[in-house]
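Asks:
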Amino acid sequence: MFLLKEKIILNEKKISQFSKNCWANFKQVSNNKIRAGFTLIEVIAVLLIISIGLLGILSLIIQNIQSQSINKSTLIAYQLAQEGAELIRKTRDTQWNLGADWDAYFPEVSTANNYYMSYLDAHPSLASSPDLTKLYQDNEGFYSHDPSGDFSGFSRTIKLTRLSEGSLYGKITIAWQEYNRDMSYILETMLYDWR
Numbered sequence: 068m069f070l071l072k073e074k075i076i077l078n079e080k081k082i083s084q085f086s087k088n089c090w091a092n093f094k095q096v097s098n099n100k101i102r103a104g105f106t107l108i109e110v111i112a113v114l115l116i117i118s119i120g121l122l123g124i125l126s127l128i129i130q131n132i133q134s135q136s137i138n139k140s141t142l143i144a145y146q147l148a149q150e151g152a153e154l155i156r157k158t159r160d161t162q163w164n165l166g167a168d169w170d171a172y173f174p175e176v177s178t179a180n181n182y183y184m185s186y187l188d189a190h191p192s193l194a195s196s197p198d199l200t201k202l203y204q205d206n207e208g209f210y211s212h213d214p215s216g217d218f219s220g221f222s223r224t225i226k227l228t229r230l231s232e233g234s235l236y237g238k239i240t241i242a243w244q245e246y247n248r249d250m251s252y253i254l255e256t257m258l259y260d261w262r
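Encoded structure:
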């Protein structure tokens, strides 16, 4: 009988140990399932954070490309405006070399009038239409108002204002469109009869 009691106690211990092991295995399986769920959520969160970071980087790249394009156009506009100022100075200097009045080739100067001029012209001409101020690029890359070339996207307007008998104020405006925005560059200069 004593032996039977020992076997029963031993069996109870084994059953108890078995149930503990089963419970431990169940908890481990449950924990693994819970961990797998958290791991999936963590992966989704990491992917979300990475995608937001990549969107930020992509946005910076797009802004950089746009900024480079605007800078290039602004540089071209500056050079075209400088060329416009040099062209009206050339007109004044040519008149001096010919012994004529320095402002003889300037048309009637008025703040209400716009003029255009390229390296092909001897003097500024009255721009009766905005189309006349458009700049075209020829096969050699030179800009002029000759419509036989390709339209460059730029237009150059020269305004001349007489300040006194011996001085003119010049305002050269280069206009173009970039990314559906109207852009412009303005250069101001003074012309004097200093001879």
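Using our numbering, the first residue of the sequence shown is number 68, and each one after it goes up by one.
For every residue, glycine included, the Cβ atom is placed at its ideal position computed from N, Cα and C.
Quick caveat, the model's predicted, so the values are computed rather than measured.
From S136 to Q149, what distance separates their C-alpha atoms?
Replies: Cα to Cα, S136 sits roughly 20 Å from Q149.
Asks: Of all the options T200, S234, Y203, R159, which has the alpha carbon lying nearest to the alpha carbon of A189?
Replies: Closest by alpha carbon: R159.
Asks: Is E255 closer than 8 Å to G233 when the C-beta atoms are compared?
Replies: Against a cut-off of 8 Å, the Cβ pair of E255 and G233 comes out as no contact.
Asks: Per DSSP, Q130 is paired with what?
Replies: Looking at the DSSP assignment, Q130 forms no beta bridge with any residue, so it has no partner.
Asks: Are the stretch 180-189 and the stretch 220-229 touching, with three or more C-beta to C-beta distances below 8 Å?
Replies: Yes, they touch.
Asks: Beta strand (DSSP E) containing M257: first to last residue?
Replies: M257 -> beta strand (DSSP E) spans 248-259.
Asks: On the DSSP letters alone, give me the boundaries of the beta strand (DSSP E) that A242 sits inside.
Replies: Segment 234-245, the beta strand (DSSP E) holding A242.
Asks: Suppose you measure from the CA of W163 to the CA of T240; what does that come to, to the nearest Å?
Replies: Their backbone Cα atoms lie some 26 Å apart in a straight line.
Asks: Could you pull the start and end residues of the beta strand (DSSP E) that G220 belongs to?
Replies: Where G220 is concerned, the enclosing beta strand (DSSP E) stretches over 217-231.
Asks: Going by alpha carbons, who is nearest to Y252 out of Y203, G123, A152?
Replies: With distances taken between Cα atoms, Y252 lies closest to A152.
Asks: Can you name the start and end residues of the beta strand (DSSP E) that L202 belongs to?
Replies: Here the beta strand (DSSP E) through L202 covers 201-204.
Asks: Which one of L165, M257, A171 has the shortest CA to CA distance from P191?
Replies: It is A171.
Asks: Just the Cα atoms here: how many angstroms apart are I129 and N247?
Replies: Straight-line Cα distance between these residues: approximately 16 Å.
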